[in-house]
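*Asks:* Quick note: the first sequence uses the numbering used here, first residue 9, plus one each step.
For reference, the structure I am asking about is given below.
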Amino acid sequence: MHMKRYLHERLSVALATLNYSNVSKLTFEKPRVEAHGDLTTNIAMLLAKALGKNPRAIAQELVNTLKVEVEFVSAVEIAGPGFINFKFTERFFNKHLGTILENGDTFGRSSVGGKKKTQVEFVSANPTGPLSVGHGRQAAIGDTLANLLEWTGHDVTREYYYNNAGRQMRMLADSTYARYRQLFDASFVFPEDGYQGDYIREIAQRIKEEMGDALCSMETEKAIEQCKVFAEGALFDAIKAVLGRMGVQFDVFFNEDSLYSSGKIREVIQEFRTMGLAYDQDGAVWLKATSLGLDQDRVIVKSTGEPTYRLPDIAYHREKFRRGFELVVDVFGADHIATIPDVLAGVKALGYDPEKVKVIIHQFVTLMRDGQQVKMSKRSANFVTLDELIDEVGADAVRFFFLMRGVSTHLEFDLNLALEQSEKNPVYYVQYAHARIASILRHAESQGLLSPDAIMKPDSVDLSLLNQPEEIALVKMLLDFPEIIDSACFGFEPQRITTYLHEVATAFHKFYHEHRVVTPDRNLSVARLALCQATKTVLANGCKILGISAPERM
RNA sequence: GACCCCGUAGCUCAGCUGGAUAGAGCAACAGCCUUCUAAGCUGUAGGCCGCGCGUUCGAAUCGCGCCGGGGUCACCA
């Protein structure tokens with residue numbers, strides 16, 4: 009980060025001096041091979057064609073013109089077809105190690121987001137059953153993206169959109185009522201399409217415990233309504249509870265029903281009609297999606313008078329804009345993929361910029377048990393809930409595993425591995441590094457070396473004593489953290505954080521293995537303790553973003 | 001049939017807006033604890049990056065076409 013900024017500045021000057029204007033193409037990256045230095049740029053090769061010159065010759069010109077401090081840059085070399093490789097001094101890295109210590113738990117935060125008002129919508133499950141494993145992946149992704157957006161300086165609202173009306177809720181009520189009646193009369197008929205899950209029986213049992221047989225003698229419709237209220241309340245409580253176990257807190261629960269009661273739905277239909285984008289056919293209202301560039305028109309109000317999901321979704325997204333969100337992030341499961349074009353087209357027709365809506369589609373989670381796929385279906389009795397998964401492997405492992413893969417890839421979750429070999433989970437590897445550092449710091453303190461607070465003042469530490477390869481490698485890696493956050497955030501790729509933290513942990517474990525921290529040499533010990541503290545800070549901050557704990561002991 | 005995602009080591013997957021010699025974990029094999037946490041470290045082995053063509057100085061990465069696997073295509077949400 010610092011390295012890139014520094015070099016970009018200096019090389020820009022050199023380019024300008026030589027009248028090579030293509031500064032916008034100037035980028036730096038980390039070479040894969042260590043021998044190629046700390047950073048490399050391909051600018052000479054990019055300029056070669058336009059200038060009609062040999063890239064190595066251009067590189068040579070640039071190197072001759074470039075001015076850098078010997079104190080910071082130890083080597084500038086031209087290599088291969090025309091790469092310019094830079095090697096930095098230990099002093100340069102150690103100087104910036106101090107900034108980690110100074111910033112502490114804010115290291116990695118930036119203000120590039122400019123307090124942009126941002127909404128992250130995720131989970132958004134209707135209260136018809138417990139959250140599934142798939143919802144868990146969505147919760148982890150959505151919450152972590154929200155964290156990343158906060159760390160980059162966005163003003164973030166976490167939102168959950170739900171619907172407690174309509175057919176599904178009716179089925180929930182009917183199912184609950186039937187299970188309740190069955191507690192008194194086993195022959196009572198269960199609805200054909202009812203929810204089969206055991207959770208319905210449990211809710212029915214609780215109704216019985218609270219109200220006895222009162223609902224049996226009640227008018228059926230009234231009793232069913234009672235069941236709906238009870239079941240909805242119970243399920244929503246359960247959903248919030250399991251989200252709490254995942255460390256997820258929502259700022260807003262947005263009820264779809266409010267779009268109806270406030271007339272927002274009607275308003276959208278009216279506007280579509282006015283614009284000639286809605287028409288009646290077969291007793292239904294159709295959205296003329298073909299006029300919006302889509303392949304077929306879609307029903308927005310059924311012949312029964314009920315809207316399809318598209319209409320409220322469009323109205324909801326318009327409200328997001330009306331509420332002032334400048335960036336809207338929707339995290340959906342792959343089953344929603346077909347609905348997105350309709351909604352975005354509708355939003356665009358209403359005069360809002362669909363570019364401001366970033367839709368993150370995550371693929372499904374497959375649970376493997378004994379080498380076989382665990383079938384999951386909300387309708388059938390056989391499904392693994394998020395609660396059960398957390399019971400089995402713990403919330404930290406659940407979140408970390410869900411965040412290890414790119415969102416667009418299918419995720420295989422091997423329960424046996426997670427269960428039988430939990431010590432080998434990558435999450436423990438990262439957490440162990442943190443706990444190990446904590447242990448070292450405790451040990452140092454007990455040796456009277458210094459108090460942890462004192463380490464935080466880089467001025468009192470001679471960081472130049474950190475000159476071993478493992479030390480330098482670790483420092484370099486730590487300094488990448490802000491850039492990793494940036495790329496994870498703007499690419500909507502939370503797995504970069506998990507991958508990075510694993511690498512940091514590896515670099516630390518290697519350092520630990522090669523060098524003793526607490527030694528008879530007081531100054532060296534203090535410098536290494538500072539490095540430990542900086543590592544601990546980065547690990548802790550990374551875990552915070554991922555929503556997992558960073559334990560002091562394990 | 002149309003559209004979306006995936007195809008990289010035996011398995012599960014990283015690989016950033018194209019860069020120089022392809023990465024991790026697990027599984028396998030061989031080593032390392034009198035010293036700050038061995039939940040760790042070191043080493044060995046393992047690859048036509050699905051296939052083909054194209055763009056480029058340069059492709060696992062971008063484009064097109066195939067082939068495989070998964071998903072979605074309601075007046076369900």
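Each residue gets a CB set at the ideal place from its N, CA and C atoms; glycine is no exception.
Only a predicted model underlies this, so the values are computations on that prediction, with no experimental measurement involved.
Using DSSP's beta-bridge definition, name the partner residues of N263.
*Replies:* Paired residues: Y170.
*Asks:* So, helix, strand or coil for D163, using DSSP?
*Replies:* Here D163 sits in strand by DSSP.
*Asks:* Report yes if the C-beta distance between N263 and Y185 is below 8 Å; otherwise report no.
*Replies:* For N263 and Y185, no; Cβs fall outside 8 Å.
*Asks:* Along the chain, where does the beta strand (DSSP E) that runs through N93 open and close?
*Replies:* Here the beta strand (DSSP E) through N93 covers 91–96.
*Asks:* What are the boundary residues of the beta strand (DSSP E) that includes K124?
*Replies:* From DSSP, K124 is part of no beta strand (DSSP E); its letter is neither H nor E.
*Asks:* With I322 and V365 assumed to form a contact (beta carbons below 8 Å), what rounded beta-carbon distance in angstroms separates them?
*Replies:* Actually they do not touch by this definition, with Cβ atoms about 12 Å apart.
*Asks:* On the CB-based measure, 16 or more other CB atoms within 10 Å of its CB, does V534 come out buried or exposed?
*Replies:* Buried is the call here.
*Asks:* Out of curiosity, what's the CA-to-CA distance linking R450 and C540?
*Replies:* Each residue's Cα considered, the two are about 12 Å apart.
*Asks:* Between the Cα of T48 and the Cα atoms of A87, L74, Y268, M177, which residue gives the shortest distance?
*Replies:* Out of A87, L74, Y268, M177, A87 has the C-alpha closest to the C-alpha of T48.
*Asks:* Determine the extent of the alpha helix (DSSP H) in which M485 is found, giving its start and end residues.
*Replies:* Per DSSP, M485 belongs to the alpha helix (DSSP H) from 477–487.
*Asks:* Going by the beta-carbon positions, is the gap between L419 and R145 smaller than 8 Å?
*Replies:* Closer than 8 Å, so yes.
*Asks:* CB P528 to CB T152, shorter than 8 Å?
*Replies:* Going by C-beta atoms, P528 is not nearer than 8 Å to T152.
*Asks:* Do you know whose CA, among V197, Q204, L243, lies nearest R214's CA?
*Replies:* For R214, the nearest C-alpha among the options comes from L243.
*Asks:* Which residues mark the beginning and the end of the alpha helix (DSSP H) in which R187 is found?
*Replies:* First-last of the alpha helix (DSSP H) with R187: 175–190.
*Asks:* Among the candidates V141, A286, R189, whose CA atom is the shortest distance from the CA of V392?
*Replies:* Cα-wise, what sits closest to V392 is V141.
*Asks:* Taking the DSSP output, what are the residues bridged to I86?
*Replies:* According to DSSP, I86 bridges with I92.
*Asks:* What is the DSSP secondary structure of Y360, reduced to helix, strand or coil?
*Replies:* Correct three-state label for Y360: coil.
*Asks:* Going by DSSP, what residue range makes up the alpha helix (DSSP H) through Q503?
*Replies:* 503–522 is the extent of the alpha helix (DSSP H) around Q503.
*Asks:* Using the C-alpha atoms, what's the distance from S495 back to G60?
*Replies:* Cα to Cα, G60 sits roughly 34 Å from S495.
*Asks:* Please report the distance separating the alpha-carbon of V237 from that of V382.
*Replies:* The alpha-carbon atoms of V237 and V382 are separated by roughly 32 Å.
*Asks:* Where do the N-terminal and C-terminal ends of the beta strand (DSSP E) with Y287 fall, by residue?
*Replies:* Counting along the chain, the beta strand (DSSP E) containing Y287 begins and ends at 286–289.
*Asks:* Which residues in the same chain have their Cβ closer than 6 Å to the Cβ of V84, if we skip the five residues on either side of it in sequence?
*Replies:* So the list reads V71, F94, once near-sequence residues are dropped.
*Asks:* For M219, which three-state DSSP category applies?
*Replies:* Reduced to three states, the DSSP call for M219 is helix.
*Asks:* Comparing alpha-carbon positions, which option in F500, E522, G205, M562 lies nearest V128?
*Replies:* Out of F500, E522, G205, M562, F500 has the C-alpha closest to the C-alpha of V128.
*Asks:* Going by DSSP, what residues sit across from R209 in a beta bridge?
*Replies:* Paired residue(s): none; R209 is not in a bridge.
*Asks:* Buried or exposed, going by whether 16 or more other CB atoms sit within 10 Å of the CB of S132?
*Replies:* Buried is the call here.
*Asks:* Nearest CA to the CA of L328: which residue from L267, Q289, G205?
*Replies:* Residue 328 is actually Lys in this sequence, not Leu. When only C-alpha atoms are compared, the closest one is L267.
*Asks:* Work out the CA separation of Q289 and T282 for me, nearest whole Å.
*Replies:* The alpha-carbon atoms of T282 and Q289 are separated by roughly 17 Å.
*Asks:* How about L55 and Y14: are their beta carbons less than 8 Å apart?
*Replies:* In this structure, Y14 does not lie closer than 8 Å to L55 by Cβ.
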